[in-house]
Amino acid sequence: MKHLLFSLPVLCTGSSFMHASHPEHRMNIVLILADDLGYECVGANGSDYVTPNLDKLAREGMRFEHCHSNPLSTPSRVQLMTGKYNVRNYTAFARLDRQEITFANLLKESGYATCVAGKWQLGAEKDSPMHFGFDSSCLWQHTQKAVDLERWDTRYAHPIADINGETVYFSREAFSPDIYCDFILDFIRENKAGPFFVYYPMALTHSPFVSTPDSKEWSPVRSATYRGDPMHFPDMVKYTDKLVGRIMDELERSNVKENTLVIFTGDNGTATSIVSSLHGKPYVGGKGKTSDSGTHVPLIVYYPDGEPGKVNSNLIDFTDFLPTLCEVAKVDTQSLSGLDGISFYPQLTGKNTPVREWIYCWYAPQQVDPEKATVFARTHQYKLYRSGEFYDVCSDFDEQYPIVPKSMTQEQKEAYDTLSAVIDQYEAYAIRK
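If you're matching positions, the sequence shown starts at 420 in the numbering used here and goes up one per residue.
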């Protein structure tokens with residue numbers, strides 16, 4: 420148990436949070452979250468998709484090989500924004516408990532100008548983005564539902580968005596990813612004196628799979644089906660990459676790139692209807708699944724003073740983002756109760772500090788019955804479910820062959836005991852739900 424506790428951050432009780440006084444020079448932060456884009460969709464990770472801007476970001480920054488989200492959007496976003504595992508604070512799909520404190524709340528309180536643009540899905544109250552710390556917002560699925568009265572998905576073509584809480588109906592020719600990106604570029608230009616924080620939860624590459632304005636067969640009409648045509652997915656990945664490039668270009672144009680931390684990741688695995696290629700082998704998307712294809716996501720971080728092109732093989736999960744952003748922004752989180760994350764900022768700066776030894780997951784997206792949740796803990800190699808299944812995920816990627824106790828090696832027994840202790844320590848929170 421001593422070994423287990425060593426990897427956890429020191430937590431303090433208390434309901435209030437503290438922030439730093441306002442230092443003159445603090446780094447800007449841009450956090451980009453692609454929707455339904457797994458690890459296998461970035462060229463720098465070994466994919467055959469065309470992602471030149473992300474590949475450049477990896478060359479200039481640090482590429483992480485073992486970042487894990489939750490298997491679905493809202494659970495991942497709640498975990499990302501609060502630094503807590505879902506067992507502590509997940510209440511319902513498409514909702515973030517209004518008692519929670521987000522990274523935007525903390526950065527805004529410390530003097531950052533804050534912006535969110537893209538997919539919301541965290542509460543339909545008109546003041547929801549502002550309540551959670553955002554000065555400016557341009558959002559899909561905020562006060563309006565994902566479909567309009569004619570039952571058409573409004574995610575891409577002929578979009579509907581809420582801009583600072585007011586609903587705007589865009590023209591048939593509008594493509595929503597451009598609207599969100601333009602909003603962010605304007606925000607960067609207006610706040611380049613800094614410090615600023617941009618959270619960009621993209622609409623891309625979630626279904627329906629549609630052509631983009633850069634596609635040869637571009638047509639600004641809504642998809643006739645919810646899923647769309649998977650043949651368009653490569654173009655959607657390419658457009659995602661283009662938007663990342665637009666943001667990086669604007670940071671450079673505004674002369675703030677060398678004072679801006681940029682993070683790119685995905686909220687969960689790719690849709691199961693998409694078959695990609697990773698290192699020359701077929702890779703089936705795993706969205707909604709607790710296997711690696713559902714949780715393994717890209718993570719690329721541009722840090723101006725970091726070591727360019729470095730590859731990091733340490734474990735990272737979505738609870739780690741809030742403490743990382745706060746450390747970058749010089750925001751004190753010691754008075755926040757219940758944080759589960761460990762800042763990976765020291766890894767960006769080359770410091771030799773303790774790193775995460777395991778990842779925990781509590782997954783019940785449509786309901787919060789503790790008995791029905793899928794729960795697991797894992798290391799790089801081994802994965803233990805609360806139900807007792809134990810896998811070597813390095814040799815059994817699809818989790819087809821559970822390791823039975825009588826056949827365990829000493830190493831496997833030790834891993835089993837460690838992961839069992841991780842699961843046990845969080846059960847108290849599940850019981851209180």
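C-beta atoms are modelled at their ideal positions from N, C-alpha and C, and glycine is treated no differently. Computed from a prediction, not measured in an experiment: that's the story for all the values here.
Alpha carbon of E818 to alpha carbon of M655, nearest angstrom = Approximately 30 Å, taken between the alpha carbons.
Going along the chain, which unbroken runs of the alpha helix (DSSP H) with 4 or more residues stay wholly within the region 471 to 532?
-> 471 to 479, 492 to 501, 505 to 508 and 522 to 528
Since I believe T752 is in contact with P742 (beta carbons under 8 Å), could you give me their beta-carbon distance rounded to a whole number of angstroms?
-> Taking the Cβ atoms as the reference, P742 lies roughly 6 Å from T752, within the contact range of under 8 Å.
By how many angstroms is the C-alpha of Y531 removed from the C-alpha of S440?
-> With a pLDDT of only 44 at S440, under 50, the local geometry of the prediction cannot be trusted, and no value is derived from it.
Terminal residues of the continuous alpha helix (DSSP H) containing L741?
-> Run containing L741: F740 to V747, per the alpha helix (DSSP H) assignment.
Residue burial classification, C534 (beta-carbon count within 10 angstroms, cutoff 16) = buried
Please state if the CB of N489 and the CB of F763 are separated by a distance shorter than 8 Å.
-> no
Beta bridge counterpart(s) of H444 as assigned by DSSP = Bridge partners of H444: none, in fact.
With distances taken from CA atoms, which of Y845, G807 and F616 is nearest S529?
-> F616
Assuming K706 and T689 make a contact with CB atoms under 8 Å, what is their CB distance in whole Å?
-> 6 Å
Note down, in chain order, each residue of its chain lying with its Cβ closer than 6 Å to the Cβ of H561, except the 5 sequence neighbours on either side.
-> Around H561: W539 and D581.
Classify E671 as buried or exposed, calling it buried when 16 or more other Cβ atoms lie within 10 Å of its own Cβ.
-> exposed
Where does H550 fall in DSSP's three states?
-> helix
Jot down the residue ranges of each uninterrupted alpha helix (DSSP H) in the region 558 to 594, minimum 4 residues, whole runs only, in chain order.
-> none
Classify F763 as helix, strand or coil using the three-state DSSP reduction.
-> Assignment of F763 by DSSP, reduced to helix, strand and coil, places it in the coil class.
Would the region 443 to 463 and the region 715 to 722 be scored as touching if the rule is three or more Cβ pairs under 8 Å?
-> yes
Endpoints, the beta strand (DSSP E) within which I822 is located | Careful: I822 lies outside any beta strand (DSSP E) and carries neither H nor E.
Do you know offhand how far N385's Cα is from H485's?
-> A query on residue 385 cannot be resolved here, the shown segment of the chain reaching from 420 to 852 and no further.
So what's T679 in DSSP terms, helix, strand or just coil?
-> strand
Who pairs with D736 in a beta bridge, going by DSSP?
-> H487
Kindly indicate the opening and closing residues of the alpha helix (DSSP H) around S712.
-> D711 to T714
So who's on the other strand from L452, going by DSSP bridges?
-> P620 and T684
Sub-8 Å separation of K825 and V812 beta-carbons | no
Where L838 falls: helix, strand or coil (DSSP) | helix
So, is the C-beta of F795 closer than 8 Å to a C-beta in chain D?
-> Here there is only one protein chain, and chain D is not present.
Going by Cα to Cα distance, which pick from D660, I778, V841 and G760 is closest to T501?
-> G760
Between the region 681 to 699 and the region 505 to 524, are three or more C-beta pairs nearer than 8 Å?
-> The answer is no - the region 505 to 524 does not touch the region 681 to 699, with fewer than three Cβ pairs under 8 Å.
Contact under 8 Å by Cβ, F483 with I735 = yes
Looking at S626 and R641, is the spacing between their C-beta atoms short of 8 Å?
-> no
Please classify D633: is it buried, with 16 or more other beta-carbons within 10 angstroms of its beta-carbon, or exposed?
-> The residue in question, D633, is exposed, as its Cβ has fewer than 16 Cβ neighbours within 10 Å.
Residue span of the beta strand (DSSP E) that contains T659, given as start and end = In this chain, T659 is not harboured by any beta strand (DSSP E); it is covered by the alpha helix (DSSP H) spanning F652 to R672.
Going by beta carbon distance, what residues of the same chain come within less than 7 Å of T644, once the five residues before and after it are set aside?
-> Excluding positions up to five away in sequence, the list reads P627.
Applying the criterion that 16 or more other CB atoms from any shown protein chain within 10 Å of the CB defines a buried residue, is K527 buried or exposed?
-> Flag for K527 reads buried.
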